[in-house]
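In UniProt numbering, the protein residues as written are 1 to 472. Cβ atoms here follow ideal geometry from the backbone N, Cα and C, with glycine treated the same way.
Shown next, in the form of structure tokens:
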């Protein structure tokens, strides 16, 4: 007896109440007349199948001849799409189809979308191929769902093949079809092909939306062609398409990368004039861009504005500020900002710690730099060679060669492999402190391999300096 049925026999008394559904009837009075086949209400079917979908419970339902009316199957599928895997939802849908449930293209599209979201593009393709088998015709949404799935997986070739099949089936690709394919081309850096596809789209009378334009703008910005991005932006305005925050954020980020601060300010003003309020991403781009351009004061003003508006800084904004402060020699403020970052529940990475440590070393405060090293190591994490090079350089500049040698031992014991920079720092330190032979000894003991050119250059320079001193 099928689990799902289009028929609606009378409900037995124990199935009509609105309380919890008993999995097993406690008692059904015997009668010479065959009792009607129990049929679960839509509400009860939802509760039973969505909460108890394992096959063990399905067998229990079958054993007692429960049936779910077809009118509940659509709701069941929606529930399963939210709470179960796509595979479970597919199995459920195929079962109800086998029981005579009328097939629906929308349901197939929903299943394909769910499978694509889970990265199961091949399974989505199989579902797509099921559509004509049930006497249905795939819609534009069906094709778009699959094309989008393939493009996100990086299989543009299959995406374009489906577009061709779509056109051969006398179906016209829409704005979404083109936008997805353009995004895929931009993502792989094929900007000329993306522009050609954009032109084809316009020639067919389709009006690109803000997503299409922003995708092209983003592609040009990432390729360093901000001039073309601005042309596309003007074209966007000319077609009456309103840019959104994502469009402006993309352009502002691209303009900062080429140092066009004047155009950045113009765009920020234009954005405000259109009634668009900067969000966290906008502010983060502005902080990062201003810091990289050396305009720390503007970055700090933006930070204050964020605080006034109740917008929290994210990891990128904190890191940009710390970098900017270190670049300006304000290492104490940088360390304080890093503490704020930690208080906000964000953990600075090795690069951020190393920036601050480098700042302290340049100020001659190696003690504080080592304090930060201990902080990094507190959870068992071992920083990389760059961090150790910064500390090594700080020690050598202070003439603390004994401590520098000890740091080298610590590195080797922790499995951190020194690089050419490590050796050159040590070589220069020992030479400048008048003990080049100490480095030779260290090199033979530790089996160090330094850059021969650097070694020769530094030794020659030291010898020249010693000769100059002797002449005087």
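Below 7 Å CB to CB, which residues in the same chain sit around residue i once its five sequence neighbours on both sides are set aside?
i: residue 250; result: 214, 217, 218 and 221
i: residue 321; result: 287, 291, 299, 303 and 337
i: residue 354; result: 386, 387 and 390
i: residue 242; result: 210
i: residue 403; result: 395
i: residue 111; result: 86, 89, 90, 93 and 127
Have a look at the options and flag the residue whose alpha-carbon is nearest the alpha-carbon of residue i.
i: residue 173; options: 204, 398 and 229; result: 204
i: residue 170; options: 147, 143 and 186; result: 143
i: residue 191; options: 210, 208, 228 and 259; result: 228
i: residue 308; options: 329, 283, 289 and 296; result: 283
i: residue 184; options: 158, 209, 167 and 105; result: 158
i: residue 334; options: 108, 311 and 368; result: 368
i: residue 194; options: 240, 156, 274 and 121; result: 156
i: residue 167; options: 139, 269, 186 and 107; result: 139
i: residue 207; options: 236, 224, 318 and 230; result: 236
i: residue 348; options: 315, 423 and 141; result: 315
i: residue 224; options: 372, 234 and 255; result: 255
i: residue 415; options: 383, 397 and 423; result: 383
i: residue 327; options: 297, 112 and 370; result: 297
i: residue 281; options: 295, 301, 196 and 247; result: 247
i: residue 392; options: 90, 371 and 366; result: 366
i: residue 230; options: 257, 259 and 263; result: 263
i: residue 305; options: 91, 277 and 371; result: 277
i: residue 295; options: 270, 372, 269 and 259; result: 259
i: residue 289; options: 274, 317 and 270; result: 317
i: residue 350; options: 269, 376, 111 and 301; result: 376
i: residue 270; options: 352, 186 and 234; result: 234
Quick one: residues in its chain with C-beta nearer than 6 Å to the C-beta of residue i, no 5 flanking neighbours on either side, listed in chain order?
i: residue 118; result: 86
i: residue 134; result: 103
i: residue 261; result: none
i: residue 329; result: none
i: residue 346; result: 315
i: residue 419; result: 385
i: residue 105; result: 136 and 139
Which term fits residue i, buried or exposed, when burial requires 16 or more other beta carbons within 10 angstroms of its beta carbon?
i: residue 357; result: buried
i: residue 132; result: exposed
i: residue 48; result: Here residue 48 scores only 44 on pLDDT, less than 50, and its place in the model is too uncertain to base an answer on.
i: residue 410; result: exposed
i: residue 272; result: exposed
i: residue 406; result: exposed
i: residue 429; result: buried
i: residue 149; result: buried
i: residue 359; result: buried
i: residue 323; result: buried
i: residue 381; result: exposed
i: residue 267; result: buried
i: residue 239; result: exposed
i: residue 252; result: buried
i: residue 310; result: exposed
i: residue 165; result: exposed
i: residue 417; result: exposed
i: residue 422; result: buried
i: residue 344; result: exposed
How many whole angstroms separate the CB atoms of residue i and residue j, which I take to be in contact at a CB cut-off of 8 Å?
i: residue 97; j: residue 125; result: Going by Cβ atoms, the distance from residue 97 to residue 125 rounds to 18 Å, so no, they are not a contact pair.
i: residue 426; j: residue 408; result: 7 Å
i: residue 313; j: residue 279; result: About 13 Å; that fails the 8 Å criterion.
i: residue 394; j: residue 433; result: No, residue 394 and residue 433 are not in contact; Cβ-Cβ is about 14 Å, not under 8 Å.
i: residue 331; j: residue 363; result: 6 Å
i: residue 127; j: residue 115; result: 7 Å
i: residue 109; j: residue 141; result: 5 Å
i: residue 153; j: residue 121; result: 5 Å
Whose C-beta lies closer than 8 Å to the C-beta of residue i among residues of the same chain, with five residues either side of it excluded?
i: residue 212; result: 175, 178, 179, 182, 198 and 201
i: residue 232; result: 213, 216, 217 and 220
i: residue 162; result: 143, 146, 147 and 150
i: residue 342; result: 348
i: residue 160; result: 181
i: residue 285; result: 249, 252, 253 and 256
Is the shortest distance between the beta-carbon of residue i and the beta-carbons of chain B less than 8 Å?
i: residue 117; result: Protein chains in the displayed structure number just one, and chain B is not present.
Which ranges does the alpha helix (DSSP H) cover as unbroken runs of at least 4 residues, wholly within the UniProt repeat "PPR" (314-348), from first to last along the chain?
-> 315-327 and 331-343
Ranges of the alpha helix (DSSP H) found wholly within the UniProt repeat "PPR" (244-278), counting only runs of at least 4 | 245-257 and 261-273
Could you give the uninterrupted runs of the alpha helix (DSSP H) lying entirely in the segment 351-406, keeping only those of 4 residues or more?
-> 366-377 and 385-397
Ranges of the alpha helix (DSSP H) found wholly within the UniProt repeat "PPR" (139-173), counting only runs of at least 4 = 140-152 and 156-168
Where in the UniProt repeat "PPR" (279-313) do unbroken runs of the alpha helix (DSSP H), each at least 4 residues long, occur, reported from the N-terminal end onward?
-> 280-292 and 296-308
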